[in-house]
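Peer 1:
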Amino acid sequence: MQLPYALAITALIGGLGWLVAAIQPSGPAHALVAYVQERSDQSQDAVAGIASATQTTLPLMQRLSKPQDSGVKAINLSEKSLIGVKQQIKIADVQNLWGTFQNDATLQGRLNTMTPVAYVIYESFNDSFEEATVTIGYEASALMGSVAATERIEPGRYEQLLAPKVYADERFNSAWSGIRYSDELEAVVEVHAFNANGDITSSQLLAYYQNPKEGAVQ
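Everything in the sequence shown is counted per the numbering used here, starting at 335 for the first residue and increasing by one.
1. Please state whether DSSP places Q544 in a helix, a strand or coil.
2. Classify S511 as buried or exposed, calling it buried when 16 or more other Cβ atoms lie within 10 Å of its own Cβ.
3. Could you have a look at P393 and say whether DSSP puts it in helix, strand or coil?
4. What residue range is occupied by the uninterrupted alpha helix (DSSP H) comprising L477?
5. Tell me whether T388 sits in a helix, a strand or coil according to DSSP, three-state version.
6. Here's a check: name, in chain order, each residue in its chain whose Cβ is nearer than 7 Å to the Cβ of S536, leaving out the five neighbours to either side.
7. Suppose the cutoff is 7 Å on Cβ atoms and the five residues either side in sequence are ignored; what does the same chain contact list for L431 look like?
8. Would A408 pass as a contact of E493 if the rule is Cβ separation under 9 Å?
9. Excluding the 5 residues preceding and the 5 following N410 in the sequence, name in chain order all residues of the same chain whose CB lies nearer than 6 Å to its CB.
10. Would you identify the three-state DSSP class for R491, choosing helix, strand or coil?
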């Protein structure tokens, strides 16, 4: 079904790394949310439309057998204030949070750009990495008006698992297996950019650790 100004966001959740794979072998979940934003010259703000969510699983051995990149690029991020939705949630249920984000007509109506960038932050993981505090939002600068930030992306040195470009779902999914869950993982950040037609123009995957990897490519 063709939808005008449809914005389809794919959130690939790694869920668990090799450290906890033996405890919980369910692989990454894949959540897809699509929403419609309609604007007219004399109408009110944009309204949200249709949402759909699907969930898939990668077999344990398939995840563990994925070849890892020989070098990890380290990049520095400045602080970013995000406006959106935030919840402590099971990783497998993150598609429900996408639905909340999509259905927030007030938030979507305040967008001041037709080429938005959506950020997803996973932080405060529990011991089994089955739950995290997840934030989905836009930078404050992409929205009209002023409102308190929902969450902030902490400034610092992040390891980039995927550079900004368009990826197939399988490639983005497999990149989650490169996260080092044993090295005091602080946060995982996804960045998804869209054009005016709602097509993904780039996706990026970053990880933030208390103990950055030695020898990471700058």
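For every residue, glycine included, the Cβ atom is placed at its ideal position computed from N, Cα and C.
Peer 2: The structure says:
1. coil
2. buried
3. The predicted position of P393 is uncertain, since its pLDDT is 34 and thus under 50; no value can be drawn from it.
4. Unbroken run through L477: none, as it is neither H nor E.
5. With a pLDDT of only 24 at T388, under the threshold of 50, the placement of this residue in the model should not be trusted, and no figure is reported.
6. P498, K499, V500, A527
7. V419, Q421, I423, V468, I470
8. Their beta carbons are under 9 Å apart, which means A408 touches E493 by this criterion.
9. Cβ within range, chain order: R491.
10. strand
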